[in-house]
Structures are given as structure tokens and as C-alpha cells.
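*Asks:*
Number of protein chains: 2
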Amino acid sequence: MGAAWAVAFARAGHAVALFDSSSEQIHKHALPHAHRTLDLLSRAGFLEEGTGRVLARIDVAGSIADAVAEADYVQESVREDVAIKRDVFSEIAAHARPDTVLASSTSAIRGSEFLGHISHPERALVAHPVNPPSLIPLVEICATNRTHADVVSRTKDFLTEIGMTPVVVRKEIDGFLLNRLQYTLVAEALHLVGEGYCSAEDIDLIITDGLAPRWASIGPFAVAHLNSSGGFLGFVDQLGPMMKRIGQDARTDYPWDMDLARTIHAALAERIPVSDIPEHQDRRDAQILAARKIRRPAKLQQR
Amino acid sequence: MGAAWAVAFARAGHAVALFDSSSEQIHKHALPHAHRTLDLLSRAGFLEEGTGRVLARIDVAGSIADAVAEADYVQESVREDVAIKRDVFSEIAAHARPDTVLASSTSAIRGSEFLGHISHPERALVAHPVNPPSLIPLVEICATNRTHADVVSRTKDFLTEIGMTPVVVRKEIDGFLLNRLQYTLVAEALHLVGEGYCSAEDIDLIITDGLAPRWASIGPFAVAHLNSSGGFLGFVDQLGPMMKRIGQDARTDYPWDMDLARTIHAALAERIPVSDIPEHQDRRDAQILAARKIRRPAKLQQR
């Protein structure tokens, strides 16, 4: 995750200092990953300069202090463990400038649980990316109960400037927004598979061949707006009762168990053996970039 | 909808007889729509022959009897009204061959409610497309309590042959599968917007810039499988508790009202005035076809 962020920052022209407590992690995994990702971005036409020039902007720091001392923006991506994150942010806060934005990649923990204790907590917030942020533009920004509003807007501006799509979560909520949408859908999918209405592969086909071709172009509210000559209100007038019925009928609390997970894993592993996962990741990544190209700058994309 | 189906069938080389009780509907709307759609498919490289040749395969029938007498496959797409559908299917069944597949496009009604009374009900089922089926391949096949298994497999084979992606719903369920997934996600989105966590536009961005770039390539179960070196089981071992928590926490029964719908409509109409909807539909349609091109035949897509 840190390597993918490094690519996102360096690609936009920024100098990056990368730090990990394991030097092996940096040299055996992070830097080679950054290199491969930049090659992919280059092949797909997402780089305006050579891979080597971008890579040269990524330096390895010898300590947290070294990494953050000169930084305008810090992005933490350590393990999802409150105690570890608290310690890492204490260290970051002690060495970063008081006006530097301190952002956490957490997807699972509210920022207020590990960002409130540091010096100048008003400069710290969550900037939760989608894996990998080198390829997918969306970032969820979420202030803690101590973050200054100005830090939220500086973070939003910075992420926009480097080509990301920041969305501000206005109040802290578990799972933020993207994972709530994703796993609410997955929860109903587990209900449908668990109760024998279809297979997990059917669910995947319904998304790739049914819903995603529209959603890669426009989001679900815009889908409804364009599906009625009266716009969203016209759609709701006609189909609101159906929307309500499905919402009430959804079984997102379905008690799926590891037996169901094993069945789904076995079916997936038949299509994609675990040993072939890296190769399929490469194809997925290339297709993610292809999907990003289908929209051209247009009114629909302006904020 | 009928016109879009006609395009899907004719594009694959089949002769189509189109019938509507309103001849004006056929000549002012259905045929011009088929023409425009074929032009779009042609520009996007989805036609192997000229628009005119495909269009020439679509005939207008003078009655239901004329339309279905010689047909191997009948696709009904009338209004979502049980009484109307029952009447139309009585008429179709009286004139079609007993071995002809009789399919309904219904998205809202269980087939058993309007297909059981006809002669030879074993030949009738639901084939629910995504709007428009001329552009989006997914179709949900759902048998009634009287459909013969052989008719399900013949329908699946036929839809596969014409380039669609059929998925068989194994037991009747309200909303079938695609709309359950879609509106379960939308229900949680309405909760998030209604409770002030974000705007409807933020939801749309989270989908287009966050979730859809992956989902246009691989479905949600495959996303999890590729996000862990241990595959789906490895993912669930690590993130299962988070998945469960979000499913339990989702508020898909959120009691949204017309005030919220009006607020969302107003925000959408600022980006896309209702008068501009047709122009945005055209862009959406072109982008749907672009999204379909990002996947090349590969293991991931084989059934």
C-alpha cells in the first residue's frame, strides 16, 4: 500500500521518502512493486515521462524522523492495529512540521481512536484509498473529532492536484462509505449464494456483465436519473416502492459461515488457482486502467 | 425494451417479428430507436455487417398471432401489470408452437404469477434483461413452478449463442438477483445521504471512481480472491469480521422519503438538467460499450 501511494505521489511530480521498519520489505517488495506499477502505467499511457524519472523521485528514508522531517504531507499505511498506529503517529507527530498534513490509510478504524493523542492533532485525518491507489483514484477523507476544517480542504486540494478523486466523509462512521457500499452488496450476495439462489460465479457475472458496464460510466443515482424521462424524481415515482421493498427484504445480516466461504473459495480456485493469483492481478490491474479511460472529461465528471 | 431486444436478436443473425398494439409506438419509437442503437453499435465496432442489413431482419407484425406463429423464441416486454401480462401470454400461447420458448422481460413480478395458466406452461419463463439489452449482456433466467428444465437450458443456450450472458436464478425470488444487489447498495446509499454522511454525488463518485474500475474487470467475490495471497479464504480469515460488521450495520430499511428524493433530484438536475437527459443517455451508452471492450476473452470470463 505504501509503495502504491509512493507511485501516486511521484507520478504527479512530488519527491517521496519511503520508510518501513523492515529494510527487506522496502527493497524486496515495495520498490520492485513501484517499478512494476510504473511500467504498467507507462504502457497504458498514464505516464507523461519515463518510468526511471518517476522512480528517481522515490527515496528510501532511514527512520520515521528522516522520512517526515521535510514532508508537506505524510501518508501512514501500517498494519490495522490501533496500538501500532498510535505509536507510529506519536513518532510522526514528534518529527513532522506542525502544519504538515498527517494522513492515515486505515480502512477499518475511526481516526479519532488513534489520532487524537498526538501533538497538534488538528493536522491529522484519515485518507482511505482503494487498493491500489496507484491505479484507482478514489480516496475517502475523514476528519477526526479534532481535525481542523482547513486541513480537510488542504488534503482534498492536494489529492485532487495529484489526480485522485477525494470524497469527504462528513461524520465518522465504521467502514467509511466505499466499504459500506461494497460489503452491503456482498452481504446480500452471500445471502443469495448461501440460500441457493445462485452461485458466487453468477454474482460476479451479474456485476461484471450487468451492473458495472453502467457504473463504470455513471453512478447509481445518475443511472436512475437517466432511466426516466422525469429524471430521478420520475424514477422514484415509478419504482420507489420496488426500491423500498428490496431494501426491506435484503438480508445483509445473513449468518454466513466458513463452510459457505470454503465453497465459494473452491469455486473461485477452480477458475483462478491460488498459485495463479499474481498473473490474474496483473490482468485486473491492466483492465482497471482500461476502465478508467472510458470516460473523457465531461460535465458528468466535473465536481 | 422490445426494440432493444429486437436489435440483440437481429444483430446475431436472427429474423425478428416486432409487435406492439400501437403502430405509432413501433414506427415513431421502436424502429428509430433500433436504428440509432445499431448505428452506435456499428461505430463502436460491435457489428460485423452494415446497419441496414441488420435492420432488414426486423419485420413489423400485424398481430400477436402473426408475430409468434413461426417463432422459435418469443420475448414479451409489455407493461409491468400482472393482468396485462396474463392476457398477452394467453394470446401468445394460443398461437405459438408448443415447443417455442416463451420468455418475459419482467423485472418486478414472479413468473409463476402470470405464466402458469397458459397452455403448455412448461415452455414459459422469465428472461429479465438489463436496460438496454442491446448494449448490456446480462440476462437473468428464472423458471416458474411449471417450467421444464429443458426449456431453461435451451433459453440459456440461445441467449449465449446471441452473445448475451445468461445467469440462471435457481429459485424464484422478488427482484431476482441483479436488482436485489443494485437496490440493496442503493438502500444503504440512501441511508448514508439521508443521515448526512455524504452527498448523492459523492456516492456516484465512489462507484465510478472507486468500485466500478475493479468491478468492470472482475466481480466482488473475485476481487476478494485476488486481494489476498491466500485467495478468498485468506481474505475472509482476515476481513470476515469486518464484512459481518458492515452487513449487520447496514441500514437498507432506512425510511427515506420524498424530501430526500427531491434533494437528490435537485443535485442531479444541476449536473444533468432533465432536458439534457437524452444527450447524457447517448454518452452513457457509448461508455457502456467502451466498458465492455476492456475485457478480452480469457480464463476469467469462461463459464
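In order, the protein sequence lines correspond to chains A and B.
Quick note: the first sequence, position 188, residue 1212 per the numbering used here, numbers continuous.
Quick note: the second sequence, position 119, residue 1143 per the numbering used here, numbers continuous.
Idealized CB from N, CA, C, for every residue including glycine.
1. What residue range is occupied by the uninterrupted beta strand (DSSP E) comprising Ala-1041 (chain A)?
2. Please give me, in chain order, every unbroken run of the alpha helix (DSSP H) with length at least 4 that falls completely inside the segment 1244 to 1290 of chain A.
3. Cβ of Asp-1044 (chain B) less than 7 Å from any chain A Cβ?
4. Do Ser-1136 (chain B) and Ser-1101 (chain B) have their beta-carbon atoms positioned less than 7 Å apart in this structure?
5. Per the DSSP calculation, Pro-1153 (chain B) is bridged to which residue(s)?
6. Can you check the segment 1156 to 1212 of chain A for any alpha helix (DSSP H) of at least 4 residues that lies completely inside it and give the ranges in chain order?
7. Going by DSSP, what residues sit across from Tyr-1097 (chain B) in a beta bridge?
8. Using only the alpha-carbon positions, how far apart do Ala-1036 (chain A) and Phe-1182 (chain B) sit?
9. Could you list the residues in the segment 1073 to 1084 of chain B with a C-beta less than 7 Å from some C-beta on chain A, going in chain order?
10. According to DSSP, is Val-1298 (chain A) part of a helix, a strand, or is it coil?
11. With 7 Å as the threshold, decide whether the Cβ of Pro-1321 (chain A) is near any Cβ in chain B.
12. Tyr-1207 (chain B) versus chain A: which residues are under 7 Å apart at the beta carbon?
13. Where does Phe-1212 (chain B) land, buried or exposed, given buried means 16+ other C-beta within 10 angstroms?
14. Using a threshold of 7 Å, state whether the C-beta atoms of Ala-1058 (chain A) and Ala-1027 (chain A) are closer than that.
15. Given that Gly-1255 (chain A) touches chain C, what residues does it touch there, using C-beta distances under 7 Å?
16. Can a CB atom of chain A be found closer than 7 Å to the CB of Gly-1218 (chain B)?
17. In the structure shown, what three-state DSSP assignment does Ile-1133 (chain A) receive?
18. Buried or exposed: which applies to Ile-1270 (chain A), given that a residue is buried once 16 or more other Cβ atoms fall within 10 Å of its Cβ?
19. For Val-1106 (chain A), does the count of other Cβ atoms within 10 angstroms reach 16, so buried, or fall short, so exposed?
20. Should Arg-1103 (chain B) be flagged as near chain A, meaning a C-beta pair shorter than 7 Å?
21. Beta carbon of Arg-1308 (chain B), beta carbon of Ile-1242 (chain A): below 7 Å?
22. What does DSSP give as the partner residues of Ala-1068 (chain B) in its beta bridges?
23. His-1152 (chain A) and Glu-1164 (chain A): beta carbons closer than 7 Å?
24. Near Asp-1063 (chain A), which residues of its chain fall below 7 Å by C-beta distance, leaving aside the five closest residues on each side in sequence?
25. Find out if the Cβ-Cβ distance for the pair Asp-1096 (chain B), Thr-1061 (chain B) is shorter than 7 Å.
26. Please report whether the beta-carbon of Val-1098 (chain A) lies at a distance below 7 Å from any beta-carbon of chain B.
27. Leaving out the 5 sequence neighbours to the left and right, which residues in its chain are closer than 8 Å to Lys-1323 (chain B) when beta-carbon positions are compared?
28. Quick one: which chain B residues come within Cβ less than 8 Å of Gly-1199 (chain A)?
29. Would you kindly work out how many angstroms separate the C-alpha atoms of Glu-1303 (chain B) and Ala-1224 (chain B), rounded to a whole number?
30. Please return the same chain residues whose Cβ sits closer than 7 Å to the Cβ of Asn-1203 (chain B), not counting the five positions on each side in sequence.
31. Just checking my contact of Ala-1117 (chain A) with Ile-1142 (chain A) at CB under 8 Å: how many whole Å lie between their CB atoms?
32. Measure the CB-CB distance between Leu-1042 (chain A) and Ala-1030 (chain A) and report whether it falls below 7 Å.
33. Report buried or exposed for Pro-1244 (chain A), applying the criterion of at least 16 other Cβ atoms within 10 angstroms of its Cβ.
34. With C-beta atoms as the reference, is Ile-1312 (chain A) less than 7 Å away from Pro-1237 (chain B)?
35. When you compare the CB of Trp-1239 (chain B) with every CB in chain A, is at least one pair closer than 7 Å?
36. With 16 other CB atoms within 10 Å as the buried threshold, where does Asp-1174 (chain B) fall?
*Replies:* By the coordinates alone:
1. What you label residue 1041 (chain A) is simply residue 17 of the first sequence in a count that begins at 1. It spans 1040 to 1042 - the beta strand (DSSP E) in which Ala-1041 (chain A) sits, taken as one unbroken run.
2. Entirely contained in the segment 1244 to 1290 of chain A, the alpha helix (DSSP H) runs reaching 4 residues are, in chain order, 1244 to 1250, 1255 to 1273.
3. Here residue 1044 (chain B) refers to the residue found at position 20 of the second sequence. No, its Cβ sits nowhere closer than 7 Å to a Cβ of chain A.
4. Translated into the one-based positions of the second sequence, residue 1101 (chain B) becomes position 77. Translated into the one-based positions of the second sequence, residue 1136 (chain B) becomes position 112. With contacts defined by Cβ atoms closer than 7 Å, Ser-1101 (chain B) and Ser-1136 (chain B) do not form a contacting pair.
5. As a working mapping, residue 1153 (chain B) is identified with position 129 in the second sequence. DSSP, once it has assigned bridges, lists B:Val-1163 as partnering Pro-1153 (chain B).
6. 1173 to 1185
7. The residue given as residue 1097 (chain B) occupies position 73 in the second sequence. According to DSSP, which records beta bridges pairwise, Tyr-1097 (chain B) is partnered with B:Val-1125.
8. As a working mapping, residue 1036 (chain A) is identified with position 12 in the first sequence. As a working mapping, residue 1182 (chain B) is identified with position 158 in the second sequence. Distance between the alpha carbons of Ala-1036 (chain A) and Phe-1182 (chain B) is about 49 Å.
9. none
10. The residue given as residue 1298 (chain A) occupies position 274 in the first sequence. If DSSP states are grouped into helix, strand and coil, Val-1298 (chain A) belongs with the helices.
11. Mapped onto the first sequence, residue 1321 (chain A) falls at position 297. Low confidence applies to Pro-1321 (chain A): its pLDDT is 48, below 50, so where it sits in the model is not reliable enough to give any reading.
12. On the second sequence, position 183 is the one that residue 1207 (chain B) refers to. Correct list: Met-1267, Ile-1270, Gly-1271.
13. On the second sequence, residue 1212 (chain B) is found 188 positions in, with the first residue counted as 1. Strictly speaking, residue 1212 (chain B) in this sequence is Glu, with Phe absent from that position. Glu-1212 (chain B) should be labelled buried.
14. As a working mapping, residue 1058 (chain A) is identified with position 34 in the first sequence. As a working mapping, residue 1027 (chain A) is identified with position 3 in the first sequence. Cβ distance < 7 Å, so Ala-1058 (chain A) and Ala-1027 (chain A) count as in contact.
15. In the displayed structure, chain C is absent; the protein chains listed are A and B.
16. What you label residue 1218 (chain B) is simply residue 194 of the second sequence in a count that begins at 1. Judged by the 7 Å Cβ criterion, Gly-1218 (chain B) is not in contact with chain A.
17. Numbered from 1 along the first sequence, position 109 holds the residue referred to as residue 1133 (chain A). In this structure, DSSP gives Ile-1133 (chain A) a state outside helix and strand, which the three-state scheme calls coil.
18. Taking the first sequence and counting its residues from 1, the one referred to as residue 1270 (chain A) is at position 246. The residue in question, Ile-1270 (chain A), is buried, as its Cβ has 16 or more Cβ neighbours within 10 Å.
19. Numbered from 1 along the first sequence, position 82 holds the residue referred to as residue 1106 (chain A). Burial call: exposed.
20. Working through the second sequence from its first residue, we reach residue 1103 (chain B) at position 79. At a cut-off of 7 Å between beta carbons, Arg-1103 (chain B) makes no contact with chain A.
21. What you label residue 1308 (chain B) is simply residue 284 of the second sequence in a count that begins at 1. What you label residue 1242 (chain A) is simply residue 218 of the first sequence in a count that begins at 1. With a cutoff of 7 Å on beta-carbon distance, Arg-1308 (chain B) and Ile-1242 (chain A) are scored as near each other.
22. By one-based count along the second sequence, residue 1068 (chain B) stands at place 44. DSSP output for Ala-1068 (chain B) lists no bridge partner at all.
23. Residue mapping note: residue 1152 (chain A) aligns to position 128 of the first sequence, counting from 1. Residue mapping note: residue 1164 (chain A) aligns to position 140 of the first sequence, counting from 1. Going by C-beta atoms, His-1152 (chain A) is nearer than 7 Å to Glu-1164 (chain A).
24. The residue given as residue 1063 (chain A) occupies position 39 in the first sequence. Closer than 7 Å at the Cβ level, and outside the excluded window around Asp-1063 (chain A), lie Thr-1075.
25. Residue numbering aside, residue 1096 (chain B) sits at position 72 when the second sequence is read from its first letter. Residue numbering aside, residue 1061 (chain B) sits at position 37 when the second sequence is read from its first letter. No; because the gap between Cβ atoms is not below 7 Å, this pair is not in contact.
26. Within the first sequence, residue 1098 (chain A) is the residue found at index 74, counting from 1. So, not an interface residue.
27. Your numbering for residue 1323 (chain B) matches position 299 in the second sequence. Legend: pLDDT at Lys-1323 (chain B) = 38, less than 50; position of this residue unreliable, no value from coordinates given.
28. Along the first sequence, one-based indexing puts residue 1199 (chain A) at 175. Going along chain B in sequence order, the residues near Gly-1199 (chain A) (Cβ under 8 Å) are Met-1266, Arg-1269, Ile-1270, Asp-1273.
29. For the purposes of this step, residue 1303 (chain B) is identified with residue 279 of the second sequence, where counting begins at 1. For the purposes of this step, residue 1224 (chain B) is identified with residue 200 of the second sequence, where counting begins at 1. Each residue's alpha carbon lies about 21 Å from the other.
30. Along the second sequence, one-based indexing puts residue 1203 (chain B) at 179. Only Ser-1131 meet the Cβ criterion.
31. Looking up residue 1117 (chain A) in the first sequence gives position 93. Looking up residue 1142 (chain A) in the first sequence gives position 118. 4 Å between Cβ atoms; contact.
32. As a working note, residue 1042 (chain A) is residue 18 in the first sequence. As a working note, residue 1030 (chain A) is residue 6 in the first sequence. Cβ distance < 7 Å, so Leu-1042 (chain A) and Ala-1030 (chain A) count as in contact.
33. As a position in the first sequence, residue 1244 (chain A) is number 220, starting the count at 1. The residue is buried, with at least 16 neighbouring Cβ atoms inside 10 Å.
34. What you label residue 1312 (chain A) is simply residue 288 of the first sequence in a count that begins at 1. What you label residue 1237 (chain B) is simply residue 213 of the second sequence in a count that begins at 1. Contact flag set, yes.
35. Counting from 1 along the second sequence, the entry for residue 1239 (chain B) is found at position 215. So yes, Trp-1239 (chain B) belongs to the interface.
36. One-based indexing of the second sequence puts residue 1174 (chain B) at position 150. A residue is called buried when at least 16 other Cβ atoms come within 10 angstroms of its Cβ; Asp-1174 (chain B) does not meet this threshold and is exposed.
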